[in-house]
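Which chain is which? The protein sequence lines are W and B, in order. Per my numbering, residue 188 is the first one in the first sequence, and the count goes up by one each step. Per my numbering, residue 188 is the first one in the second sequence, and the count goes up by one each step. All C-beta atoms in this analysis are idealised placements derived from N, C-alpha and C, irrespective of residue type, glycine included. Every value quoted in this text rests on a predicted model; they were computed, and no experiment measured them. Scroll down for the structure; my scribbles are underneath it.
2 protein chains.
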Amino acid sequence: MAKEIERKFLVDELPAFITSQYHGIDILQGYITNDTSGRQVRIRRKGGKYYLTVKDRGLLEREEVEIELSEAQFHALWPLTEARNLHKKRFEVPHGTFTIEVDVFEDKLCGLVMAEVEFTSVQQSQQLDVPSWFGKEVTEDLHYTNSHLASSQQVPDVRL
Amino acid sequence: MAKEIERKFLVDELPAFITSQYHGIDILQGYITNDTSGRQVRIRRKGGKYYLTVKDRGLLEREEVEIELSEAQFHALWPLTEARNLHKKRFEVPHGTFTIEVDVFEDKLCGLVMAEVEFTSVQQSQQLDVPSWFGKEVTEDLHYTNSHLASSQQVPDVRL
């Protein structure tokens with residue numbers, strides 16, 4: 188299993204350089220299950236490829252296994268994600284030795300922008316030089332997990 | 188989604204004609220998740236083919252979606268079923284217009300034999316002519332669901 192360590196921030200105002208300099212990748216993703224044990228099964232279309240990903244419990248740190256799906260496999264499973272899916276554009280922005288993934292949500296979550304950075308260790312995650320355009324950190328806030336957002340009908344209220 | 192309606196019985200003594208007249212198909216199956224909402228994700232190797240199946244809540248009646256997996260996809264996902272998998276041989280025995288699936292469990296569940304019959308309606312399920320070699324009906328007994336058995340270390344105590 189690969190280990191995923193990431194920090195996540197709200198972005199109140201998307202800097203113009205991101206959409207002008209980078210190409211957004213279209214992502215459609217939905218959740219087949221959200222287990223009590225914290226195990227999630229997600230399917231995703233990213234660009235022209237399809238994936239099934241199983242993630243284990245944890246917010247900052249998670250284990251995951253991913254396989255590529257065929258288009259037919261993806262379409263057979265997609266109806267299972269009804270009311271548990273979302274649509275976003277992802278911009279991958281270099282930042283020193285890291286890559287910032289900027290997710291601009293669409294449709295029912297229009298207006299929400301989040302930035303995520305992945306790390307190889309918890310220690311490294313604490314050494315992030317946080318860009319000035321990052322807003323509130325929401326790494327530990329369950330409202331901003333993609334699986335929770337997928338089941339939401341609107342952008343979470345930041346004051347909560 | 189396909190609807191699955193089935194009744195399930197214990198078999199105390201496996202009739203000799205079954206193993207002499209029918210060829211058992213080797214089945215290895217494991218569970219990736221067992222959701223609180225009752226949604227299960229199962230992967231299975233049956234004969235030489237591989238499947239991923241998502242089943243919704245319900246004992247007698249369940250909805251399911253199944254896709255075929257490649258061998259590589261199956262093997263990537265299999266470690267996720269650790270301590271939630273089982274091995275059995277299945278014999279498909281014609282019985283009037285029905286097919287009886289006789290599952291002879293192996294390894295940790297050695298000694299357990301169950302017979303299942305699938306129906307197209309709940310009404311039809313009540314018209315089954317129950318063979319004399321069928322034992323106790325366990326359709327509604329959670330101990331005998333395959334997902335529960337997969338997590339068990341031994342055959343359930345029938346007196347429970």
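### Message
Please confirm whether residue 268 of chain W has its beta-carbon closer than 7 angstroms to some beta-carbon of chain B.
### Response
As a first step, residue 268 of chain W is located in the first sequence; it is residue number 81 there, counting from the start. Residue 268 of chain W does not count as touching chain B.
### CB contact flag (residue 322 of chain W, residue 199 of chain W, <7 angstroms)
For the purposes of this step, residue 322 of chain W is identified with residue 135 of the first sequence, where counting begins at 1. For the purposes of this step, residue 199 of chain W is identified with residue 12 of the first sequence, where counting begins at 1. Yes, they are a contact pair.
### Query
In three-state terms, what does DSSP make of residue 242 of chain B?
What you label residue 242 of chain B is simply residue 55 of the second sequence in a count that begins at 1. Residue 242 of chain B falls in the strand class under three-state DSSP.
### Query
With a CB to CB cut of under 6 angstroms and the five nearest residues on each side skipped, what residues in its chain are close to residue 239 of chain W?
Translated into the one-based positions of the first sequence, residue 239 of chain W becomes position 52. Annotation for residue 239 of chain W: 230, 254 and 256 place their beta carbon closer than 6 angstroms to its own, counting only its chain and skipping 5 residues before and after.
### Task
Measuring only between beta-carbons, confirm whether residue 277 of chain W sits less than 7 angstroms from chain B.
In the first sequence, the residue the question calls residue 277 of chain W occupies position 90. Not a single CB atom of chain B sits nearer than 7 angstroms to the CB of residue 277 of chain W.
### Task
Report yes or no: is there a C-beta of chain A within less than 7 angstroms of the C-beta of residue 230 of chain B?
Of the protein chains in the structure, W and B, none is chain A.
#### Entry: Chain-ordered neighbours of residue 260 of chain W on chain B, where CB pairs are closer than 7 angstroms
Mapped onto the first sequence, residue 260 of chain W falls at position 73. Near residue 260 of chain W (Cβ distances below 7 angstroms), the residues of chain B are 254.
### Own chain, CB closer than 8 angstroms to residue 285 of chain W, minus 5 neighbours either side, in chain order
Here the question's residue 285 of chain W lines up with position 98 in the first sequence. Non-local C-beta neighbours of residue 285 of chain W in its own chain, meaning closer than 8 angstroms and more than five positions away in sequence, comprise 304, 305, 306 and 315, ordered along the chain.
### Task
Round the Cβ separation of residue 277 of chain W and residue 217 of chain W to the nearest angstrom and send it over; I've been treating them as touching at under 8 angstroms.
Along the first sequence, read from residue 1 onward, the residue named residue 277 of chain W stands at position 90. Along the first sequence, read from residue 1 onward, the residue named residue 217 of chain W stands at position 30. Contact flag wrong, Cβ pair sits at about 16 angstroms.
#### Entry: Rounded Cβ spacing between residue 233 of chain B and residue 325 of chain B (contact assumed at less than 8 angstroms)
For the purposes of this step, residue 233 of chain B is taken as residue 46 along the second sequence, with counting starting at 1. For the purposes of this step, residue 325 of chain B is taken as residue 138 along the second sequence, with counting starting at 1. At roughly 22 angstroms, the Cβ-Cβ gap does not stay under 8 angstroms, so residue 233 of chain B and residue 325 of chain B are not in contact.
### Task
Would you identify the three-state DSSP class for residue 290 of chain B, choosing helix, strand or coil?
By 1-based counting over the second sequence, the position of residue 290 of chain B is 103. Correct three-state label for residue 290 of chain B: strand.
### Query
Looking at the C-beta of residue 263 of chain W, does it have a partner C-beta in chain B at a distance below 7 angstroms?
Translated into positions along the first sequence, residue 263 of chain W becomes position 76. Interface annotation, residue 263 of chain W: in contact with chain B, CB-CB separation under 7 angstroms.
### Query
Who are the Cβ neighbours of residue 343 of chain B in its own chain at under 6 angstroms, not counting the five residues just before and after it?
In the second sequence, residue 343 of chain B corresponds to position 156, counting from 1. The answer, listed in chain order, is 330.
### Query
From residue 317 of chain B to residue 339 of chain W, what does the alpha carbon distance come to, in whole angstroms?
Numbered from its first residue, the second sequence carries residue 317 of chain B at position 130. Numbered from its first residue, the first sequence carries residue 339 of chain W at position 152. Each residue's CA atom was taken as its position, placing residue 317 of chain B and residue 339 of chain W some 48 angstroms apart.
### Query
Taking any Cβ of chain W, which residues in the segment 304 to 321 of chain B have a Cβ under 9 angstroms from it, in chain order?
Listed by position, the residues of the segment 304 to 321 of chain B near chain W (Cβ gap below 9 angstroms) amount to none.
### Query
Looking at the structure shown, is residue 341 of chain W part of a helix, part of a strand, or coil, going by DSSP?
For the purposes of this step, residue 341 of chain W is identified with residue 154 of the first sequence, where counting begins at 1. In the structure shown, the three-state DSSP call for residue 341 of chain W is coil.
### Task
Please name the residue, chosen from W:261, W:241 and W:292, that lies closest to residue 252 of chain W on a Cα-to-Cα basis.
As a working note, residue 252 of chain W is residue 65 in the first sequence. Closest by alpha carbon: W:241.
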